[in-house]
Amino acid sequence: MNHSYYNETIESLRHSGNLRRIPADMPADDGSIDLSSNDYLGLGVRTELQEQFMAERDNRMSPMTSSASRLLATRQNDYGDLETFLGRLYDRPALLFNSGYHANTGMISSLAAGKSIIVADKLVHASIIDGIVLSKSEFTRFPHNDFDRLERILAKESPLHERVIVAVESVYSMDGDRADINRLTELKRHYPNVLLYVDEAHGVGVEGPHGLGLSIASSGYGDIDVIVGTFGKAYASSGAFCVTSPSIREYLVNRARSFIFSTAIPPITARWTKFMIEQSLGMDAERTRLAALGNRLHEILSVLPGKNGVASHIQPYITGSAESAVTLSEKLLKEGFKVLPIRTPTVPPGTDRLRISLSAALTADDIESLGNALTRLTSCS
Ligand code: PLP
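Here's what the structure looks like:
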C-alpha cells in the first residue's frame, strides 16, 4: 500500500512547526523543575504514600487487571466502594469510567440521543468534541465563557429541541480560567430542558471545598445534571467518574458505549484512587500554597511581552506561533525548566503557547527562578 498520504501529512506538520513527538524519558531526579504535569497537589511524587498504600496486604494483593468490562467483571467490590465513597462526597450516585476521554465520549454521545442539540463552550476539551461527533447530533459552540451569547442560543434553540446539552469545563485545561457555574445554573432555571454538563477534570483536587471542584460550591449545585472528574490529574491515579441522577446513571450503564465495551480499570487502581482522594480531602494547606504560587506566577507573566491568562494552577504564556512556543520551551529546558509547548490544533490557531502548570510540591523560589529565566529569554528573543 502506498503511504504517501501519511508521509505528506507528516511533512506538512513538520513544515508548519506542528509535528508532535513523544518526548524522551526525563528522570524525575534530573534536577529540572517540572511545570508540565497535571499533578497539581504534588501527590504523584509522594512515594511514601505509595509505600503506605502497599503496606496494606489487601491493597497489595488486589488484582492488577479486571479481565473484563465492568458489566462482566467478577470482582466488583473495589469499584463499588469507590463509587459509594464518591456518591457520599457529592450526595448523588457516581459511575466510574476508564478515563476522562472515555467518560466524555461515552456520556456526551449517549446523552445526546433523541432530539437533542449540544451547545459547547468553544474551548472544551477534545474528548467532549469527539463525544459530540460520535453523537451525530446537531451542535453549536459559543465563544469562550460568553454566557450572554449562550443565553441567546438557548432562547432560539431551546423551544426547538427536546433537550439542550450545555457542555462546559469548570477550569479550562489550556487557559486555567474558570466558568461561572452560578450563572450557568441560573440560565438553566429559565430553560428547563437544558442538561448541564460540567467537566471538572482540572477542578477536582484543587478547587472548592475539600478540593471537590467548583460545581459543588455553587448555589445551583442541584441544577447541574452531570459532573465529570478525572483521577489522572490532581488525584495522581487514572480513570474518571461522573456524579449524576440515579436515572442518568442507569441510562449510562446501558447506553454509554465506552463504559460497556472497554475493559474496566484494574481493581488495584480503584483502591489506589480512593486512597488518594482520601488523602487529598484534608490538603487545604497544599491548595492554599498552590493558589499563592499561581498568584505570583500571574504577576510575573503579566509584565512579559506575550499574552497571559488569569491567576490559576494552569497558566498560558501565549507566544502566538508554534515555532516560538517550541523554541522558548527548548530554551527553558536547557535552563532546567520543563514547560511544554501547546500548539494548534490543541489550541486555536495563533494562540500557540507554553502551558505552565503548577504543583503544590513547587516552592516560591522555583517560581522566582522560572520568572527570571522567562524574563531573560523573552527580552533577548
Ligand atoms: N477532560 C478534560 C477537560 C481534560 O483536560 C482531559 C485531559 O486529558 C480529559 C477530559 C481526559 O481525561 P483523561 O486524561 O483521564 O482521559
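Using the working numbering, the letters of the sequence shown correspond one by one to residues 60 to 440. A virtual CB, placed ideally from N, CA and C, is assigned to each residue, including glycine. These numbers were taken from a predicted model, which means no experiment stands behind them.
Legend entry - contact_flag[the stretch 242 to 254, the stretch 210 to 229] where n(CB pairs < 8 Å) is 3 or more: yes
Legend entry - Continuous beta strand (DSSP E) assignments of at least 3 residues falling wholly in the stretch 153 to 202: 153 to 156, 175 to 180 and 197 to 201
Legend entry - One or two residues paired with residue 237 in a DSSP bridge: In the sequence shown, residue 237 corresponds to position 178, counting from 1. BP columns for residue 237 point to 230.
Legend entry - Straight-line Cα distance separating residue 334 from residue 112: Position 53 of the sequence shown, counted from the start, is the residue given in the question as residue 112. Position 275 of the sequence shown, counted from the start, is the residue given in the question as residue 334. Answer to the nearest angstrom: the Cα atoms are 7 Å apart.
Inset, instruction - Sort out for me which residues DSSP pairs residue 299 with in a bridge. - result: Here residue 299 is taken as the residue at index 240 of the sequence shown, counted from 1. Note: residue 299 sits in a beta bridge opposite 156 and 289.
Legend entry - Bounding residues of the alpha helix (DSSP H) (the contiguous stretch that carries residue 307): For this step, residue 307 is matched to residue 248 along the sequence shown. 305 to 314 is the extent of the alpha helix (DSSP H) around residue 307.
Legend entry - Counted within 10 angstroms of its Cβ, other Cβ atoms place residue 312 as buried (16 or more) or exposed: For this step, residue 312 is matched to residue 253 along the sequence shown. So residue 312 ends up on the exposed side.
Legend entry - Burial state of residue 178, where buried means 16 or more other Cβ atoms lie within 10 Å: One-based indexing of the sequence shown puts residue 178 at position 119. Result: buried.
Legend entry - Short Cβ contact (7 Å threshold) for residue 91 with residue 393: As a working note, residue 91 is residue 32 in the sequence shown. As a working note, residue 393 is residue 334 in the sequence shown. No, the Cβ-Cβ distance between residue 91 and residue 393 is not below 7 Å.
Legend entry - Contact between the stretch 297 to 309 and the stretch 378 to 394 (3+ Cβ pairs under 8 Å): no
Legend entry - Inter-residue Cα distance where the pair is residue 84 and residue 130: Mapped onto the sequence shown, residue 84 falls at position 25. Mapped onto the sequence shown, residue 130 falls at position 71. So the two alpha carbons sit approximately 36 Å from each other.
Inset, instruction - Rounded to whole angstroms, what's the CA-CA distance from residue 176 to residue 161? Just pull it up for me. - result: Working through the sequence shown from its first residue, we reach residue 176 at position 117. Working through the sequence shown from its first residue, we reach residue 161 at position 102. Approximately 21 Å between the Cα atoms of the pair.
Legend entry - Span of the beta strand (DSSP E) around residue 256: As a working note, residue 256 is residue 197 in the sequence shown. Run containing residue 256: 253 to 258, per the beta strand (DSSP E) assignment.
Legend entry - Same chain, Cβ closer than 6 Å to residue 327, neighbours up to 5 away in sequence not counted: Working through the sequence shown from its first residue, we reach residue 327 at position 268. The answer, listed in chain order, is 121 and 123.
Inset, instruction - Give every residue of the same chain whose Cβ lies closer than 6 Å to the Cβ of residue 355, excluding the five residues on either side of it in the sequence, and list them in chain order. - result: As a first step, residue 355 is located in the sequence shown; it is residue number 296 there, counting from the start. 426, listed in sequence order.
Inset, instruction - Inspect the beta-carbon positions of residue 257 and residue 275 and report whether they are closer than 7 Å. - result: Residue 257 sits at position 198 when you count from the first residue of the sequence shown. Residue 275 sits at position 216 when you count from the first residue of the sequence shown. Cβ distance not < 7 Å, so residue 257 and residue 275 don't count as in contact.
Inset, instruction - Please indicate yes or no: does the CB of residue 160 lie closer than 6 Å to some heavy atom of the ligand PLP? - result: To locate residue 160, count along the sequence shown from 1; it is residue 101. Correct: residue 160 has its Cβ closer than 6 Å to the ligand PLP.
Inset, instruction - List the endpoints of the continuous beta strand (DSSP E) containing residue 373. - result: As a first step, residue 373 is located in the sequence shown; it is residue number 314 there, counting from the start. Element bounds for residue 373: 373 to 377.
Legend entry - Given 8 Å, three or more beta-carbon pairs between the stretch 161 to 174 and the stretch 238 to 248: no
Legend entry - Every unbroken alpha helix (DSSP H) within the stretch 339 to 401, with a cutoff of 4 residues, ordered by chain: 343 to 361 and 381 to 393
Legend entry - Counted within 10 angstroms of its Cβ, other Cβ atoms place residue 99 as buried (16 or more) or exposed: Translated into the one-based positions of the sequence shown, residue 99 becomes position 40. Burial call: buried.
Inset, instruction - Could you tell me which residues DSSP puts in a beta bridge with residue 93? - result: Your numbering for residue 93 matches position 34 in the sequence shown. Residue 93 is bridged to 397.
Inset, instruction - Using 10 angstroms around the beta-carbon of residue 316, count the other beta-carbons present and answer buried if the total reaches 16, otherwise exposed. - result: One-based indexing of the sequence shown puts residue 316 at position 257. It counts as exposed.
Inset, instruction - Determine the burial state of residue 414: buried for a count of at least 16 other Cβ atoms within 10 Å of its Cβ, exposed for fewer. - result: For the purposes of this step, residue 414 is taken as the residue at position 355 of the sequence shown. By the 10 Å Cβ count, residue 414 comes out buried.
Inset, instruction - Using only the heavy atoms of the ligand PLP, determine whether one of them is closer than 6 Å to the beta carbon of residue 299. - result: The residue given as residue 299 occupies position 240 in the sequence shown. True, at least one ligand heavy atom lies under 6 Å from that Cβ.
Inset, instruction - State the Cα-Cα distance for the pair residue 267 and residue 377, rounded to the nearest angstrom. - result: Residue numbering aside, residue 267 sits at position 208 when the sequence shown is read from its first letter. Residue numbering aside, residue 377 sits at position 318 when the sequence shown is read from its first letter. Looking at the two C-alpha atoms, the distance is approximately 28 Å.
Inset, instruction - Would you check if the stretch 180 to 197 and the stretch 337 to 347 touch, i.e. whether three or more CB-CB distances between them fall below 8 Å? - result: no
Legend entry - Exposure label - residue 261; buried when at least 16 CB within 10 Å: Counting from 1 along the sequence shown, the entry for residue 261 is found at position 202. Buried, since its Cβ has 16 or more Cβ neighbours within 10 Å.
Inset, instruction - With a threshold of 16 other CB atoms inside 10 Å of the CB of residue 68, please say whether the residue is buried or exposed. - result: Numbered from its first residue, the sequence shown carries residue 68 at position 9. So residue 68 counts as exposed.
Inset, instruction - Could you spell out the range, first to last residue, of the beta strand (DSSP E) harbouring residue 413? - result: Counting from 1 along the sequence shown, the entry for residue 413 is found at position 354. 412 to 416 is the extent of the beta strand (DSSP E) around residue 413.
Legend entry - Enclosing alpha helix (DSSP H) for residue 434 [first to last residue]: The residue given as residue 434 occupies position 375 in the sequence shown. Segment 423 to 438, the alpha helix (DSSP H) holding residue 434.
Legend entry - residue 343 to residue 417 span [Cα, whole Å]: Taking the sequence shown and counting its residues from 1, one reaches residue 343 at position 284. Taking the sequence shown and counting its residues from 1, one reaches residue 417 at position 358. If you take the alpha carbons of residue 343 and residue 417, they lie about 16 Å apart.
Legend entry - Top-ranked residue by Cα proximity to residue 239, from 227, 232 and 233: Working through the sequence shown from its first residue, we reach residue 239 at position 180. The residue with the shortest Cα to Cα distance from residue 239 is 227.
Inset, instruction - Let me know if residue 323 comes out buried or exposed under the rule of 16 or more other beta-carbons within 10 Å of its beta-carbon. - result: Counting from 1 along the sequence shown, the entry for residue 323 is found at position 264. Its Cβ being crowded by 16 or more others within 10 Å, residue 323 is buried.
Legend entry - Contact set for residue 182: own chain, Cβ-Cβ below 6 Å, skip 5 residues either direction: Within the sequence shown, the letter at position 123 stands for residue 182. Answer for residue 182: 203 and 231, listed in chain order.
Inset, instruction - Please confirm whether residue 284 and residue 255 have their CB atoms less than 7 Å apart. - result: Translated into positions along the sequence shown, residue 284 becomes position 225. Translated into positions along the sequence shown, residue 255 becomes position 196. Yes, the pair counts as a contact, with Cβ atoms nearer than the cut-off.
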